[in-house]
Structure formats: C-alpha cells, structure tokens
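K.L.:
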DNA sequence: GTGAAAGCGCTAACAT
DNA sequence: ATGTTAGCGCTTTCAC
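Protein chains in written order, with UniProt numbering: chain A, 1 to 357; chain E, 1 to 357.
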C-alpha cells in the first residue's frame, strides 16, 4: 500500500487548473474566478489533502513573530518556569522561521503591564501569548488585538468573556477538589482544615476562590460533618508576621491540615511549619518550585498539585505556531491534567519536566 | 540580527569546490581526493555549519520503514492503548515518508513472538520498536538486530543488558513505592497490606517483582512495624476461583489494603471487591482501563498509577523516527512520570490522554 | 574524482 | 484571473 501523498500538483490536475490557482484558493488570497474556485473546492472535498509542512517552510520566506507577554521570571520562580517553556518552544520553532519575542512585565505593577502590552502591540506581531494577570488591562489589550486581527492565546488564568484562540490551564475548581481528596484521605478522627490564600492581590484571588470552592465542595458532597472547613487570607510579606498569623491559626488543636492556594504561598507556609516542627499538619500546595521540592522531600509538604507553568507556555506557543503555520485550529480550551506530586513520585516528574515528543 | 544561515553552497564557494564534493565529505561517501577533502574540512572547521534539516528531508527520497512488534491489542486493553499510541504516531509521520508496520503476537505464546520477530527481521525494516515480553526470545532477536545494524527501541519493560537506542517506561521499583505511600497515607491503626500478582506468567513477573520490592522497601525505610506486608500470586482465570482465593485472604481481619501489580489484575480484583461490598479495603492498581476507570469513579479503586502505554509507544516511534530522519539521538532511557490518578483528578487526565504538542 | 543539474513540494513573483 | 517559473537547501544522478 504505497499510497503517494497528494500534492498541490495533483489537485491542480484533478481540478483542471494550474497549481498557482490551487495555491490561491488554499490560502484564499482571492484573484480566483468563481468557477475555478468551485472546481478546486470540490476536488479538495473529495480527497484528503495534507500540505507538506516541510516543503512549505522551505518555500516560504515569511517569518512569523510571536510576542509572549509574561511576568518577569526574576520575580517569581513560577514564572521562571513559564519562561523555560517559552525558551523550549522558541528553539523548537526557530528553524521553522517562527521567532519568539518575550516581554516581561512587573508582577506587582499594572502600569508596567499596560506599558508592555502597548509596546508589544505597536510591534505588530503575528500572534500573541499572554498571561492575563491584570484583568482590566488585559481585557483592554485583547480587545485591541481583536481589532487589529492579531490572534492570541492566553494561559494560566482564563478570561472566558473574551474568546481567545485557545486557553491553556487547569480547572481550578477541580484542583481544589483534588486537594480536598488528598487532605481527607485516611483522616478518621474529626478535625479542621483551612484554605490559605497568602499574599495575593485581589485580581488573582478571584481565581484562587475557585480552588477554595472546589475544596469546600468536596466535603459538602462527601457529607462529612466531622470536618470543619475554613478559609483565611493572610497578607504579610514579612516572615515573622506571617508566622504570627499562622501560629494563631495552629493554636486551634483541631487543625489537621492546610491547603495553600499558590506556589509561593506554599513555600512560605512550609518554611514556617518546618521551623515550628509541626509535622503533624498535612500540607497541600502548588507547584514544583525548588523550595517546595525540598519541603516535599523532607516531609513538610505532603502533596503538591503541579500547575506546570512550563508546559502551559510551551503549549501556548505550540498552538499559536501551528495555527499560524499550518492553520491548525487549537482546542478552544486546553485543560492540563491535575498532576499529584508526592514524595515518592517526585523524582519521576523531575526527570521529565517537559513532555518529550 | 538576521544572520543568514550557512549553506552547503557557501562552503563550496569558500573551499573552492563544488557542492557535490562538499556533500560527499559531509556524508563521507568517499570518492573525494585528499586535496579536496582537506580544503573542505578546513573551511568546515572555521565556520559553524548547521545543515538545514527541512531541506534535507525534502531532498531525500528515502522512505523509512519502522516495524512495531507488540501483543495483540484484541487480547488486552492495555495493549489496545499501546496500539493507539502507535496509530497516532503513524499518521503523524505518514506524510514524511516514515511508514509504520505493526506485528501483533500472541501474548500467551512465545512461539508466536518468535515467529513474528523473525518475520519482521526478514522484512529488513530501518528501525524496530519492541515490547520485549518474552525475555529469552527478545534477547535473541535483539542480538540479531544488532548484527544486522537495525536500530531498535524497547518499551514497557527494560532489558538493561542489551543496549537499545532508547528504553521508554517507568521505574517499577519507584512505582511500588508510590503505591505504598498512597496505601499508608493516613493509616493509623495497625494492619496488613498484600501485594497481589494476578495471572502473570513468570517471564513478566520478574518485572512485577520490582514493584513489590519497591512497595516493601517503602515500609522498611519508614520503619512502621505496625504494618504487615505480604505478597501473593494468584493464577486463576476463572472469576469464581479468583474470588475464593481473595475471600480467604480477606478473611484476615487485619487486611487493610491491596496493591495489584497489573492493569488487568486490578480490574479483576476490583470487580470482586465490589461484589463483596468491601469498600473498607484500600485498593491500588494500574492503568486507565475502562473497567478501572469505572471502579475508580465508584470508589472501589482508590488510586491508579498510570503506566500510559499509549504514550510509551508514541514516544518510541517518535524517538526512532527522529533518529532515522534527523539523526537526533534519543535519551538512552526515557522514564515516564508515575502519574497518580484518583477519583478527583481522573477527568483531567481523560481529557488529555495524549500530550498535545 | 568532480561538477552540473534535476528534482523534492511549496511559495511568490512574474508574465499573460 | 490564470498559468508559468524561479527559487528555498539539500540529495542524488549523470556526464565528463
């Protein structure tokens, strides 16, 4: 069964037109008569034409430019990992004439975000990958992009009201349920669990609330009245202050476990729990930050849910590049698995941070 | 910084020879005078030539044939999923002149394996992806391949003494430790856990023993003498017989949990536990087979460790094709993460069975 | 031994 | 609007 692949030349022959015409309809560049158009379209419908990517990239001289806009990797390890995913994707596509330009904004200043997005916009990239940290500014920017017909992919947090080419992230409600499940496992005696939001500006905390709701929902459905669920916002960048808050919370003898909704918060809480030597507290948090990895190995953290920012950005560029290059529509929403990381499977994840393909 | 890439043509010009000559030295096909050789080599040393792989694949007309040898997908859902990974990879590479030929052997008859491998061998494929189920036969076959200089990738179970181009699978010892960790979590009262090997021929059970050892090792290190660990082989294809065996085991009031080392075994044990209504037993097993998924959702199974046979085969072909096509060396051993699947994160895995890229 | 030249499938500029 | 043609960088064949 050596079925030769169909080439543009074949389509042209079948449709009785020239390859130039076929190329024009394939890329709808116009300048094609209604008659020729129909002939080509009908033969296209009959056969399964799959363009030869290799040949396309060789033949074309167009260079696609993708602008990636994320928080400064230096400010936060989570975003440093996101940056790694970008770099990985960038080298992968480099030989295919897709260039990635990165813009780093200040995680704590929306003016910086505003400024960067505008800078990116004037450069007129062919596509944009964005971490929409600042809700209003992001919305404004993305409307601009829609007006300029620049396709965009968003990741990390969803903006369902805008319709991106693709959203990449996790189901945060389910994420909270996973945390709850791990928290409740094998807990027999009555007790209390607290959801901790540590040092999060209100913008982002809308999303963190989803995790909390999922967490609470799990226990509601399970109907286990033996467990008291509470939630607490702590805004203290000073470790000592943070510790004081925590100690008040932990003075309640019923507290059996803590669920921290951010990666950085997880590291902060773990450090304090370790200092206080409270190994009895079950701690569940987010992401494979170096500190979190250590605390997981040491047993201070019991489980991490991996949000895999690295993979998120990687996929973001992947989807966008495939769209620009191959006109392949990505999934409107691409939800990543809620990876449960424990002490024993940690190493197996560290070895293969990125999906080899 | 639009630095043009160096082309063969450039080298030819610099060395004062023709592109044909440059090509000959690049691939050391001989037929080059000592003088020309030196001229080319010296200019090659001066500049950093990176061949354009895109152009290479377009220019070449060689069709690579990859032989994939796995158990009959009809015999076992686990292998059916492996087959899906193959099909996925096959369509991906189809247009790039990499053809995949599959050979299905009988999972229960090594003669069939022997026969199939020989059939594959006489067809002289350019590369082989193999599930080395039958140890001795596999070893013999792979030695043949080495003699014939056919590169091969193995997956699922490792044969460390032979040196494959790449091995794709999981660390089975660690896999057992993960199971143990999940088993012990929150278990306060003393109790007993049993490792179950269900209906496995001795060949394969060598590898299953690794899982058992990892499981035992976890408790040894943890130094929790409160837990009694045992292991049991059950060879009964009849459900009733299997149930009898299990009931004897479960009549021991101390039994708190079971760890089943195979995917099929997991499904079988789960079915019986459900029938016996033993929801008190913590059950940990392998893989997202349809039955296992149901039992996980119903709560009969507490955790599954995903071996992702689909991804394994996909990667196998991926690595081999990249090697043949682009001369890209794959990792000698590619260990997949030990994915922990619970009721709450199950859906997030079902949505994305394969890594999108 | 060596160079010239014809592709590979596609794009894009150029005639018509 | 349509067909022809010259590349893209490399492989491979074929004269010399």
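Glycine is no exception: its CB is placed at the ideal position from the N, C-alpha and C atoms.
The structure displayed is predicted, hence computed values, not measured ones.
(1) Round the Cβ separation of residue 296 (chain E) and residue 346 (chain E) to the nearest angstrom and send it over; I've been treating them as touching at under 8 Å.
(2) Using the beta-carbon count (16 or more within 10 Å), is residue 108 (chain E) buried or exposed?
(3) Using beta-carbon positions only, say whether residue 254 (chain E) and residue 298 (chain E) come within less than 7 Å of one another.
(4) In chain order, which beta strand (DSSP E) runs of at least 3 residues are fully inside the region 155-226 of chain A?
(5) Based on Cα-Cα distance, which residue from A:311, A:342, A:322, A:22 lies nearest to residue 168 (chain A)?
(6) Just to confirm the assignment: which complete beta strand (DSSP E) runs, minimum length 3, are found wholly within the region 265-314 of chain E?
(7) So, for residue 32 (chain E): in the same chain, excluding its five sequence neighbours on each side, which residues have a beta-carbon less than 7 Å away from its beta-carbon?
(8) In the DSSP assignment, what are the bridge partners of residue 331 (chain A)?
(9) If I'm right that residue 17 (chain A) touches residue 342 (chain E) with Cβ under 8 Å, what's the distance once you round it to whole angstroms?
(10) With 7 Å as the threshold, decide whether the Cβ of residue 66 (chain E) is near any Cβ in chain A.
(11) Is residue 30 (chain A) helix, strand or coil when you go by DSSP?
(12) If I follow the unbroken alpha helix (DSSP H) through residue 53 (chain A), where does it start and stop?
(13) Secondary structure at residue 348 (chain A), three-state DSSP: helix, strand or coil?
(14) List the residues of chain E that residue 329 (chain A) touches, going by C-beta distances under 9 Å, in chain order.
(15) Would you list the residues sitting across from residue 228 (chain E) in a DSSP beta bridge?
(16) For the candidate residues A:270, A:349, A:199, A:64, whose alpha-carbon lies nearest to that of residue 317 (chain A)?
(17) Rounding to the nearest angstrom, what Cα-Cα distance links residue 353 (chain E) and residue 329 (chain E) in this structure?
(18) Three-state secondary structure (DSSP) at residue 21 (chain E)?
(19) Would you mind telling me which residues of chain E sit closer than 8 Å to residue 55 (chain A), beta carbon to beta carbon, in chain order?
(20) Please classify residue 302 (chain E): is it buried, with 16 or more other beta-carbons within 10 angstroms of its beta-carbon, or exposed?
(21) Taking its Cβ as the centre, do 16 or more other Cβ atoms sit within 10 Å of residue 34 (chain A), making it buried, or is it exposed?
(22) Run through DSSP, which three-state label would residue 39 (chain E) get?
(23) Have a look at E:190, E:188, E:209, E:189 and flag the residue whose alpha-carbon is nearest the alpha-carbon of residue 198 (chain E).
(24) Going along the region 164-181 of chain E in order, which residues come within less than 8 Å of chain A, judged by CB to CB distance?
(25) Could you check what DSSP says for residue 102 (chain E) in three-state terms: helix, strand or coil?
(26) Using a cut-off of 8 Å between C-beta atoms, extract the partners of residue 344 (chain E) located in chain A.
(27) Take residue 164 (chain E) as the anchor and find which of E:269, E:154, E:276 has the nearest alpha-carbon.
(28) Going by C-alpha to C-alpha distance, which of E:249, E:288, E:183 sits closest to residue 272 (chain E)?
(29) Whole angstroms is fine: what's the gap from residue 293 (chain E)'s alpha carbon to residue 267 (chain E)'s?
(30) Between the C-alpha atoms of residue 9 (chain E) and residue 43 (chain E), what's the straight-line distance to the nearest angstrom?
(31) Would residue 185 (chain E) pass as a contact of residue 304 (chain A) if the rule is Cβ separation under 7 Å?
(32) Compare the beta carbon distance of residue 313 (chain A) and residue 127 (chain A) with 7 Å and say whether it is the shorter of the two.
(33) How would you label residue 337 (chain A), buried or exposed, when you count the other beta carbons within 10 angstroms and need 16 or more for buried?
(34) Would you check whether the ligand HEM has a heavy atom nearer than 6 Å to the C-beta of residue 348 (chain A)?
P.N.:
Walking through what the data contain:
(1) 6 Å
(2) exposed
(3) no
(4) 166-169, 191-198
(5) A:311
(6) 282-286, 303-306
(7) 21, 24, 25
(8) Looking at the DSSP assignment, residue 331 (chain A) forms no beta bridge with any residue, so it has no partner.
(9) With a Cβ gap of about 57 Å, residue 17 (chain A) and residue 342 (chain E) do not count as contacting.
(10) no
(11) coil
(12) 53-59
(13) helix
(14) What residue 329 (chain A) touches in chain E: nothing, since even the nearest Cβ is about 12 Å away.
(15) E:192
(16) A:64
(17) Note that residue 353 (chain E) scores a pLDDT of 48, beneath 50, so its modelled location is shaky and nothing firm can be said.
(18) helix
(19) 58
(20) buried
(21) exposed
(22) helix
(23) E:209
(24) 170, 171, 174, 177, 178, 180, 181
(25) strand
(26) 174, 177, 178, 180, 181, 218, 338
(27) E:154
(28) E:249
(29) 9 Å
(30) 12 Å
(31) no
(32) no
(33) buried
(34) Annotation note on the ligand HEM: not contained in the displayed structure, which lists no ligands.
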